[in-house]
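Numbering (my numbering), first residue to last: 4 to 738.
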């Protein structure tokens with residue numbers, strides 16, 4: 004300390020210690036004042052929408068004013084208000100507030116009176132508060148009006164008791180069995196009658212307090228009358244509740260319609276009005292998730308949903324343009340099909356076994372190019388004139404393509420036949436190109452392709468169709484030995500006589516089922532696929548419905564051998580050229596017991612196979628009788644043979660490739676069709692109608708009767724006395 008300070012302290016009477024204390028005090032005061040200068044101001048309370056305690060201020064209003072305000076509310080509002088504070092509860096639950104509850108109940112249209120024994124608050128809780136009365140689970144929308152409770156599914160299992168089991172419930176207690184009938188109960192869907200277990204307990208407790216029979220009888224009478232009133236009033240409440248639900252549904256629907264209307268107005272302001280008018284009937288703008296909400300459309304909501312709604316309308320515009328483009332292409336198919344029909348008519352009688360139908364024709368590259376010209380280009384029949392000259396080559400290319408498909412499918416069929424059985428003996432000539440390890444046929448091998456082409460043309464290669472093999476000649480084939488047969492569906496149908504005849508290459512490629520399919524929802528405006536048949540439409544050619552029959556192969560080997568040809572090499576064309584007639588000795592009918600002359604049915608080779616499959620399907624083979632030239636000529640002159648020619652399979656040229664195209668029919672039916680549908684009294688062959696597969700007309704499908712010498716069998720051979728009726732094969736139609 005300096006001398007001056009010492010002198011100052013002495014003069015003032017302070018010692019050095021006092022001086023230090025004063026200095027420390029001044030330093031502390033300086034720090035406190037500095038902290039006070041930088042002290043953070045307290046945060047002001049944010050101003051709310053209303054003053055704190057405003058609801059409590061309602062209690063300061065006069066009671067009559069307060070009751071007048073409450074009288075304009077609904078029962079659920081009063082109930083919620085009574086649960087806010089103790090003061091409100093004490094006021095609203097007091098007997099003096101009964102007028103408030105009644106006024107609130109009157110604000111609900113049609114709301115019934117309270118149940119007997121239930122006050123206004125309890126009834127409002129039952130009717131409007133969606134909580135379980137046991138566990139307080141929320142969102143319980145169903146009310147049991149007879150039992151006067153709302154229960155969640157979980158509490159239903161524990162709170163409902165079958166009245167028939169009440170006696171078992173109290174079997175260890177002193178309780179009259181009649182207790183079970185004193186509580187309100189209702190019938191359930193499971194033929195049970197249930198009651199609320201808590202009410203049963205209450206009845207049981209009261210029943211114990213009744214000591215004499217007179218009191219119990221009076222109580223029983225009182226409860227029965229009470230239950231009757233409860234059930235009657237429950238019906239009234241149930242009807243009101245259903246009415247409220249219906250009104251609510253209508254209210255929500257009206258809210259959705261109002262929102263839809265508001266959204267449409269907003270979209271029209273943005274220029275989407277014409278697009279909305281063009282939306283198809285099956286597309287409802289009201290079904291959009293942002294439109295179907297039952298809330299009012301405000302400016303804020305529209306601002307939030309506008310981008311997505313505009314995107315949705317852009318998608319609708321894109322879809323509309325696609326629909327219009329497809330409709331334009333469909334409309335262009337009409338002149339294209341007209342060109343196809345005229346060209347096919349010009350080729351009659353057809354020498355080819357198969358012709359393209361509208362579906363495949365419209366898929367030809369040159370035709371498709373015209374159909375898909377820009378939308379602003381007008382397309383009519385003149386647009387296809389250039390294609391008309393290309394049709395011979397287009398048809399030829401198409402046949403080459405489906406022949407390749409047929410060979411590929413044939414290889415698959417044989418492979419499936421191999422997989423279906425361990426015995427490969429039935430494959431005969433097919434075994435050469437079937438690998439023992441069941442691998443698929445190598446399509447790139449020219450040798451195998453050549454052998455496939457040779458074997459598919461054999462007369463012993465018989466096909467059956469999965470679509471039309473139900474109730475026809477092939478039903479008895481392979482019914483038990485084809486493990487891979489596809490199930491015959493309920494829509495199996497017959498395409499006319501073709502479905503009842505055995506199928507051989509190459510005419511099998513013209514089988515009607517190969518260009519038909521089941522479709523109940525096809526585009527009826529598309530002339531290339533639509534047919535007047537209820538469940539059938541056209542489709543592109545496909546051989547996936549075909550299958551090679553093992554059983555028919557065995558039958559055909561015997562027929563070919565009896566005709567004098569080699570089964571391993573004889574083709575269907577060679578069998579047609581030979582045109583041998585065969586008689587069935589198993590159906591012989593001897594009219595004279597002293598003579599071997601018998602009347603037997605005579606068939607062409609195709610009809611013989613059909614006869615074997617239908618009449619003698621349990622026979623492994625038939626000892627066919629080959630008719631001599633004189634016998635065959637005599638058979639061809641019989642009345643049955645002449646009548647058979649009149650039943651040739653005929654089709655209408657005016658319905659060719661049209662939606663009205665029908666299955667082939669007999670001549671008499673064809674004449675009637677042309678007269679009634681096309682007003683043609685004198686039809687002409689190959690002008691108004693044509694023979695289907697005319698190149699095989701009369702070959703193989705022949706059937707007649709002839710008398711020849713047939714050696715009578717020994718008595719033990721009962722097979723030779725098999726019954727045969729001339730009318731048995733009347734469903735055969737001839738070429």
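We put the beta carbon where it would ideally sit given N, CA and C, even for glycine.
Buried or exposed: where does residue 138 fall if 16 or more other Cβ atoms within 10 Å of its Cβ makes it buried?
Counting Cβ neighbours within 10 Å, residue 138 comes out exposed, since fewer than 16 surround it.
Count the CB pairs spanning the stretch 209 to 216 and the stretch 118 to 137 that are closer than 8 Å, and state whether there are at least three.
Too few Cβ pairs lie closer than 8 Å, so no.
Does the CB of residue 678 have a neighbour CB from chain D at under 8 Å?
In summary, chain D is missing from the structure at hand, where a single protein chain is found.
Any idea what DSSP makes of residue 61, helix, strand or coil?
In this structure, residue 61 counts as helix in the three-state DSSP scheme.
Do the stretch 300 to 312 and the stretch 326 to 335 meet, that is, are 3 or more Cβ pairs less than 8 Å apart?
Touching, no, given that fewer than three Cβ pairs across the two stretches are closer than 8 Å.
Apart from the five residues just before and just after residue 682, which ones in its own chain have a Cβ nearer than 8 Å to its Cβ?
So no residue of the chain qualifies.
Per DSSP, which residues does residue 654 bridge with? Please list them.
DSSP output for residue 654 lists 693 as bridge partner(s).
The beta strand (DSSP E) that contains residue 550, what's its start and end?
First-last of the beta strand (DSSP E) with residue 550: 549 to 551.
So residue 468 is in the alpha helix (DSSP H); what residue range does that whole segment cover?
Counting along the chain, residue 468 falls outside any alpha helix (DSSP H), though it belongs to the beta strand (DSSP E) covering 466 to 468.
Which residue wins for smallest C-alpha separation from residue 685, given the options 674, 467, 623 and 551?
Nearest C-alpha to residue 685: 674.
Measure the C-alpha to C-alpha separation of residue 80 and residue 63 and round it to an integer number of angstroms.
Roughly 20 Å between the two C-alpha positions.
Could you give the first and the last residue of the continuous beta strand (DSSP E) run that contains residue 521?
First-last of the beta strand (DSSP E) with residue 521: 519 to 521.
Taking residue 523 as the reference, give the member of 512, 538, 513 and 533 with the closest Cα.
Nearest of 512, 538, 513 and 533 to residue 523, Cα basis: 538.
Under the DSSP definition of a beta bridge, which residues are partnered with residue 196?
Paired residue(s): 190.
Can you tell me whether residue 245 is buried or exposed, with buried defined as 16 or more other CB within 10 angstroms of its CB?
It counts as exposed.
Is it right to say residue 75 is buried, meaning 16 or more other beta carbons lie within 10 angstroms of its own, or is it exposed?
The residue in question, residue 75, is exposed, as its Cβ has fewer than 16 Cβ neighbours within 10 Å.
Could you give the residue range of the beta strand (DSSP E) that holds residue 163?
Note, residue 163: beta strand (DSSP E), 163 to 165.
Below 8 Å, how does it come out for the stretch 582 to 597 and the stretch 534 to 549: are there three or more Cβ pairs, yes or no?
Counting Cβ pairs under 8 Å, fewer than three are found: no touch.
Assuming residue 468 contacts residue 506 (C-beta within less than 8 Å), just tell me the rounded distance between them.
That belief holds up - the Cβ atoms of residue 468 and residue 506 are roughly 7 Å apart, short of 8 Å.
With 16 other CB atoms within 10 Å as the buried threshold, where does residue 635 fall?
Flag for residue 635 reads buried.
Could you tell me which whole alpha helix (DSSP H) segments of length 4 or greater appear in the stretch 274 to 333?
The qualifying runs are 276 to 280.
With 16 as the cutoff for other CB atoms within 10 Å, does residue 227 come out buried or exposed?
Exposed is the call here.
Label residue 85 either buried or exposed according to how many other C-beta atoms from any shown protein chain fall within 10 Å of its C-beta, with 16 as the threshold for buried.
So residue 85 ends up on the buried side.
Nearest-angstrom Cα distance between residue 368 and residue 289?
Rounded to whole angstroms, residue 368 to residue 289 spans 43 Å at the Cα level.
Give, in chain order, every unbroken run of the alpha helix (DSSP H) that is at least 4 residues long and sits entirely within the stretch 357 to 409.
The qualifying runs are 361 to 365, 368 to 374 and 388 to 391.
If you follow the alpha helix (DSSP H) that residue 245 is in, where does it begin and where does it stop?
First-last of the alpha helix (DSSP H) with residue 245: 216 to 272.
By how many angstroms is the C-alpha of residue 277 removed from the C-alpha of residue 314?
Answer to the nearest angstrom: the Cα atoms are 16 Å apart.
For residue 296, which residues in the same chain have their Cβ closer than 8 Å to its Cβ, ignoring the five residues on either side in sequence?
Within the same chain, residue 296 has close Cβ partners 259 and 262.
Kindly give me the distance between the Cβ atoms of residue 656 and residue 692, rounded to whole angstroms, as I take these residues to be in contact under 8 Å.
The Cβ separation is near 6 Å, so the contact holds.
Residue 621: buried (16+ other C-beta within 10 angstroms of its C-beta) or exposed?
So residue 621 ends up on the exposed side.
Which residue marks the beginning of the beta strand (DSSP E) containing residue 103, and which one marks its end?
Counting along the chain, residue 103 falls outside any beta strand (DSSP E), though it belongs to the alpha helix (DSSP H) covering 101 to 109.
Specify, as a first and last residue, the run of the beta strand (DSSP E) that residue 602 falls within.
Counting along the chain, the beta strand (DSSP E) containing residue 602 begins and ends at 600 to 606.
Decide if the stretch 452 to 469 is in contact with the stretch 554 to 563; the criterion is three or more beta carbon pairs, one per stretch, under 8 Å apart.
Taking 8 Å as the limit for Cβ pairs, the verdict is that the stretch 554 to 563 does touch the stretch 452 to 469.
When you compare each of 518, 558 and 575 to residue 548 by their alpha carbons, which one comes out closest?
Nearest C-alpha to residue 548: 518.
Which residues does DSSP list as the beta-bridge partners of residue 628?
In DSSP, residue 628 forms a bridge with 586.
Residue 151 lies in the alpha helix (DSSP H); which residues open and close that run?
Unbroken run through residue 151: none, as it is neither H nor E.
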